[in-house]
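full-length UniProt numbering puts the first residue of the sequence shown at 1, with every later residue one more than the last. The beta carbon of each residue, even a glycine, is placed where N, CA and C say it ideally should be.
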Amino acid sequence: MEVTQDLSFIHLISNASVLVQLVMGLLLAVSLLSWWYIFLKMFTIRAEAKQTDEFEDSFWRNPDLSQLYKHATSVSRSDQGALERIFAAGYAEFVKLKKQRGVDDSGLMDGTRRAMRATYQREMDRLEAHLAFLASVGSVSPYVGLFGTVWGIMNAFRGLANVGQATLAHVAPGIAEALVATAMGLFAAIPAVVAYNRYAHDINRLATRFESFSEEFSNVLQRQP
């Protein structure tokens with residue numbers, strides 16, 4: 001007698017054990033959330049790179065720092081880039097300390113650098129948001145999928161205990177159901193790993209530009225009369 005089985009993807013999921021279905025549902029939810037963060041970070045980093053280019057161009061073309069500061073503080077926060085906020089924090093602290101008596105040049109520049117450093121750290125925290133989630137998805141999802149696969153295979157072999165003569169037709173559906181969990185784990189992990197590596201590289205490049213600008217801006221301020 002020929003045993004036929006429906007091995008369609010939907011049929012395999014619907015006929016899997018409850019635990020395997022829960023694993024699949026978890027992986028699907030994690031995958032959708034990771035894709036949301038992937039696109040969110042893509043737009044954020046692209047916008048940040050563009051704003052950084054524009055502000056650097058304005059900074060080196062315009063020698064009037066007070067005019068740049070007024071522009072930086074007049075625009076909305078959404079139109080400000082991280083580099084512009086670092087500049088505004090440093091210049092505001094520089095002007096404030098310069099008006100105080102008893103502050104020498106060394107203390108003036110130390111305070112300015114601390115203000116820029118604090119803003120730099122806040123901006124880096126903002127840019128690096130959700131990267132840890134992508135890293136976790138990329139490293140954990142395959143193991144979660146593997147757990148669902150192992151559990152499904154165990155159920156498939158337990159079902160064979162009640163079969164007098166086991167054939168491939170009896171084993172194949174259970175094994176296929178289990179392997180779907182592994183496939184979903186890889187589907188969630190691979191894009192997350194690729195996106196994490198790419199975005200971590202882009203953010204490191206931006207961080208280098210921010211640090212270089214802070215040093216160059218400090219040199220400009222030291223030359224101020």
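- With respect to the 8 angstroms criterion, V144 and G185 are classified as neighbours on the basis of their beta carbons.
- Taking each of E215, Q51, I86, K96 in turn and checking the Cα distance to M116, the smallest one comes out for I86.
- For S74, the three-state secondary structure derived from DSSP is helix.
- For K41, same chain residues with a beta-carbon under 6 angstroms away, outside a window of 5 residues either side, are Y199 in chain order.
- Counting only the Cα atoms, I45 lies some 16 angstroms from R77.
- The closest CA to that of F147, considering only V180, L83, E128, A118, is found on V180.
- Using a C-beta cut-off of 8 angstroms, the segment 127-136 makes no contact with the segment 97-115, since fewer than three inter-stretch Cβ pairs fall below that distance.
- When only Cα atoms are considered, F55 and V95 end up about 20 angstroms apart.
- A Cβ-Cβ separation of about 49 angstroms leaves G138 out of contact with V103 under the 8 angstroms criterion.
- Annotation for S31: the continuous alpha helix (DSSP H) segment containing it runs 18-61.
- The beta carbon of A118 sits closer than 8 angstroms to the beta carbons of A89 from its chain, once the five residues preceding and following it are set aside; these are given in chain order.
- With fewer than 16 other Cβ atoms from the protein chains shown falling within 10 Å of its own Cβ, E215 counts as exposed.
- Counting the other CB atoms within 10 Å of its CB gives T208 a total below 16, which places it among the exposed residues.
- Annotated as proximal: S58 and L68, with beta-carbon spacing under 8 angstroms.
- About 27 angstroms separates the beta carbon of L127 from that of L27, a gap too long to meet the 8 angstroms contact definition.
- Around the beta carbon of V18, a 10 Å sphere encloses fewer than 16 other beta carbons of the protein chains shown; the residue is thus reported as exposed.
- When only Cα atoms are considered, S212 and W35 end up about 32 angstroms apart.
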